[in-house]
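Below you'll find the structure, written out as C-alpha cells, and then a few comments.
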Amino acid sequence: GNSVTQMEGPVTLSEEAFLTINCTYTATGYPSLFWYVQYPGEGLQLLLKATKADDKGSNKGFEATYRKETTSFHLEKGSVQVSDSAVYFCALKGYQKVTFGIGTKLQVIP
Amino acid sequence: EAGVVQSPRYKIIEKKQPVAFWCNPISGHNTLYWYRQNLGQGPELLIRYENEEAVDDSQLPKDRFSAERLKGVDSTLKIQPAELGDSAVYLCASSLQDRSYEQYFGPGTRLTVT
Numbered sequence: 028g029n030s031v032t033q034m035e036g037p038v039t040l041s042e043e044a045f046l047t048i049n050c051t052y053t054a055t056g057y058p059s060l061f062w063y064v065q066y067p068g069e070g071l072q073l074l075l076k077a078t079k080a081d082d083k084g085s086n087k088g089f090e091a092t093y094r095k096e097t098t099s100f101h102l103e104k105g106s107v108q109v110s111d112s113a114v115y116f117c118a119l120k121g122y123q124k125v126t127f128g129i130g131t132k133l134q135v136i137p
Numbered sequence: 030e031a032g033v034v035q036s037p038r039y040k041i042i043e044k045k046q047p048v049a050f051w052c053n054p055i056s057g058h059n060t061l062y063w064y065r066q067n068l069g070q071g072p073e074l075l076i077r078y079e080n081e082e083a084v085d086d087s088q089l090p091k092d093r094f095s096a097e098r099l100k101g102v103d104s105t106l107k108i109q110p111a112e113l114g115d116s117a118v119y120l121c122a123s124s125l126q127d128r129s130y131e132q133y134f135g136p137g138t139r140l141t142v143t
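Quick look at the structure:
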C-alpha cells in the first residue's frame, strides 16, 4: 500500500534560519503530494500541493518539489518566523484515499 | 466562511461507556471524512461519505464504531462500547467532491478513555 515517511521532530530553529523537512513516499501509480500544517489548537490546513513529477508547490514562502526519481517531496523555507511554529504533515493521494505521514513538529525560537 | 465545526472538543469517559462526536462540514462540501489521529501519528481515515452515502468504510471497526450522515450534511460518529485503545483525536474533514486533495479539517475531538 501507499506510505509516507517523514523526519521525526521536533525540529528547533532560530528565527530566520533555513528550514528543510524531509519527506519520502512509496506509492503505486502517480500520486499527488501535499504538505498540510497544523497550528496549535487548530485543524490541519493544506499548505501546498504538487500533482505531477517536477511540479513545485509553493505558499507562504514554503516550497516543495515533486521528485519522482527520488520519491521525495521535501519542504523548504528560506527564513522561518516564530509564527511558523506548527506541526507539518506530508501526505499523498492515490486513487481515492489520502495517506498522511506522522507529522514533524517545528519550533521557531526568537 | 465558517470552517468545519466539531463538538465536543474534549471528552473523558470510562471504558465500556458510549460516546458520540458531531461534525458540521463547510457549506457546499458534499464529501465528509472521519479520521482518527493517535498520539505522534498522522490522521488515519475511518470513513468517507459522498453526500449521505458511505463510500469507504474499510478502516472503520464496525463491531463498535458507527457513523451516519442522514441528510448529507452533519455527521455523527459513535463508539459503543469504548475501549482504552480508542483514546485519540477524532478529526472531521470536508471537501468538494472533485477536489478531495483539498480537505478542510475541524479542530478535532480529543477522547480520553479511562
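So the protein sequences, as listed, match chains A and B. Per our numbering, the first sequence starts with residue 28, numbered consecutively. Per our numbering, the second sequence starts with residue 30, numbered consecutively. Backbone N, C-alpha and C define an ideal beta-carbon position, used for all residues, glycine too.
| Item | Value |
| --- | --- |
| For the beta strand (DSSP E) that A83/B lies in, which residues bound it at each end? | 82-85 |
| Considering only residues of the same chain and omitting the five flanking positions on each side of L74/B, which have a CB-CB separation below 8 Å? | Y62, W63, Y64, D85, Q88 |
| Under 8 Å between C-beta atoms, does F94/B make it to chain A? | no |
| Within 10 Å of its beta-carbon, does S41/A have 16 or more other beta-carbons around it, so buried, or fewer, so exposed? | exposed |
| K107/B: which of G101/B, K100/B, L120/B sits nearest, CA to CA? | L120/B |
| What is the C-beta distance between K132/A and G36/A, in whole angstroms, given that I count them as a contact (C-beta under 8 Å)? | 4 Å |
| With 9 Å as the C-beta to C-beta threshold (strictly closer), list the residues of the stretch 60-78 of chain A near chain B in chain order. | F61, Y63, Q65, G68, E69, G70, L71, Q72, L73, K76, T78 |
| Using only the alpha-carbon positions, how far apart do A117/B and Q123/A sit? | 24 Å |
| To test your reading of the DSSP string, which unbroken beta strand (DSSP E) runs of 3 or more residues are found completely within the stretch 101-139 of chain B? | 104-108, 117-124 |
| To the nearest angstrom, how far is it from the Cα of I41/B to the Cα of L68/B? | 16 Å |
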